[in-house]
Amino acid sequence: TEVPLNRDNKQSADKTERIEEELPPDLFPDIYDLSNLLIDPKLPFLQFKKFKDTLEVNAQIISVEVIVPSGIRNIDLFLFRNNRKIDMFYQIGAGVYKFNKVRLNEGENVIETFYRKGSKRSISVYSIINLTIREKDGKV
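Here the sequence shown stands for residues -15 to 124, numbered as in the working numbering.
Right, here's the structure in full:
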């Protein structure tokens, strides 16, 4: 990203400097295409905390907790719903990470999580969450 910087009135606005050169590099995450990352089956698996492979809920907004195994550092953790990225954690290590306020669609929601390590990614872990919206009288 190039941004014109005016240091004094004598410099013209058409002179630009790359803002990345003036800020620490970790403020600018790498840009990459997730579809081009190779899956590395040797990378440790993630786990959903408190989720089964299939789950029935009646709340439209949920929290999703993901367990990143010990020994893992400097990864980008992704959360997808129905093949669309909805959230991520950048440059994290081992631990439990909570994605709050995940909005579900009525019916079947395929929740997917995986991580990126360098130019490779882990195998995805999935949970299918079926949202049933009940009417006020308790009927489906």
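Backbone N, C-alpha and C fix where the C-beta goes; we use that ideal spot for every residue, glycine too.
Check, Outcome
"Member of R65, R100, N42 whose CA lies at the smallest distance from the CA of I112", "R65"
"8 Å Cβ cutoff met for I56 and P25", "no"
"E49 beta carbon less than 8 Å from that of V80", "yes"
"Under the three-state DSSP convention, the category S19 falls into", "helix"
"First through last residue of the beta strand (DSSP E) which encompasses F83", "79 to 87"
"Where S106 falls, given that 16 or more other Cβ within 10 Å makes a residue buried", "buried"
"Top-ranked residue by Cα proximity to Q75, from L18, F62, V86", "F62"
"Per DSSP, the bridge partner or partners of E92", "N114"
"Buried or exposed (CB count within 10 angstroms, at least 16 for buried), I18", "Note that residue 18 corresponds to Leu in the displayed sequence, not to Ile. With fewer than 16 other Cβ atoms within 10 Å, it is exposed."
"Contact set for I45: own chain, Cβ-Cβ below 8 Å, skip 5 residues either direction", "K85, V86, R87, L88"
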